[in-house]
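A.B. asks: Sharing a structure below in structure tokens format, with a few things to ask.
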């Protein structure tokens, strides 16, 4: 029977199960990607990958040696409950970000329609400012979540390492805050960062430029409509990725809850 912690010999250290190592590596990659300035991978992709990682926590719970038997032990009940509490925060972050992306998409659509109707700069500016505000608010909430730490302790305060499912869940919660923060910042930068030359028309429109005079020499109204359409599609992809993430956080919570309630 495979065990979560396998002995190669009596003199060598314990080696984690392959699934544990795989999830540890993936969460570390996601954390690094969320902290990087590169545009790739996309926020939608990061959210979807993190959701897949949460989805595999149920597999950890089923592993002999580090799954249900260890998690149901009285000495780890406090740790399991702490991980469950932390996952509630992750759900809140995810839900707020998903709602912010949906609201931002409505603002982007309103701005595109204003441009299409003949360049109503005032209406477009109002829509894009609403876009920036809702993403900034969700981003601040994610930043606050990233500063929170999950404490995993045994009932007897021993030094033994916690069950893998608890540790992975806690790390996934921390990565969730980083991924959501990255998503909100990335989407916000699409309209407020004039250094991104491809979006300078939208950025200057937000800042108060007169659309009728041409807010960027190499762009016209049709170009701006195209970019705003692309922005709507990006927001829709982020919404989908966050919805996928939300569902799999719920799934992982159910897996842990079943251990301590059934």
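Residue numbers (full-length UniProt numbering): 1 to 262. Note that beta-carbon positions come from the ideal geometry of N, C-alpha and C, so glycine has one too.
Taking the CB atoms as reference points, tell me whether residue 135 and residue 43 lie closer together than 8 Å.
C.D. replies: In this structure, residue 43 does not lie closer than 8 Å to residue 135 by Cβ.
A.B. asks: Less than 6 Å between C-beta atoms, sequence neighbours within five positions excluded: which residues of the same chain meet that for residue 48?
C.D. replies: Hits under 6 Å: 241, 244.
A.B. asks: Let's test the definition: count the other Cβ atoms within 10 Å of the Cβ of residue 181 and tell me whether it reaches 16, buried, or not, exposed.
C.D. replies: Looking at its Cβ environment, which holds 16 or more other Cβ atoms inside 10 Å, residue 181 is buried.
A.B. asks: Quick one: Cα of residue 162 to Cα of residue 27, how far?
C.D. replies: 17 Å
A.B. asks: Could you tell me which of 166, 230, 123 sits nearest to residue 54, measuring between CA atoms?
C.D. replies: 166
A.B. asks: Look up residue 148 in the DSSP assignment and say whether it is helix, strand or coil.
C.D. replies: It is coil, neither helix nor strand.
A.B. asks: Taking only three categories from DSSP, how would you classify residue 17?
C.D. replies: coil
A.B. asks: Do you know offhand how far residue 93's Cα is from residue 56's?
C.D. replies: 20 Å
A.B. asks: In three-state DSSP terms, what is residue 85?
C.D. replies: helix
A.B. asks: I need the DSSP call for residue 56, collapsed to helix, strand or coil.
C.D. replies: Looking at residue 56 - three-state DSSP - the assignment turns out to be coil, as it is neither helix nor strand.
A.B. asks: Hey, out of 32, 116, 59, 104, whose CA is closest to residue 256's CA?
C.D. replies: 59
A.B. asks: At the level of alpha carbons, what is the spacing between residue 22 and residue 62?
C.D. replies: 16 Å
A.B. asks: Would you report the Cα separation of residue 145 and residue 177, rounded to the nearest angstrom?
C.D. replies: 6 Å
A.B. asks: Excluding the 5 residues preceding and the 5 following residue 41 in the sequence, name in chain order all residues of the same chain whose CB lies nearer than 7 Å to its CB.
C.D. replies: The answer, listed in chain order, is 33.
A.B. asks: Going by DSSP, what residue range makes up the alpha helix (DSSP H) through residue 68?
C.D. replies: 68-71
A.B. asks: Once DSSP output is grouped into helix, strand and coil, what is the label at residue 63?
C.D. replies: Three-state DSSP puts residue 63 in coil, outside helix and strand.
A.B. asks: Any chance the segment 80-95 sits against the segment 220-235, with 3 or more Cβ pairs inside 8 Å?
C.D. replies: no
A.B. asks: Does the distance from the CB of residue 185 to the CB of residue 130 come in under 8 Å?
C.D. replies: no
A.B. asks: Are the CB atoms of residue 260 and residue 73 nearer to each other than 8 Å?
C.D. replies: no
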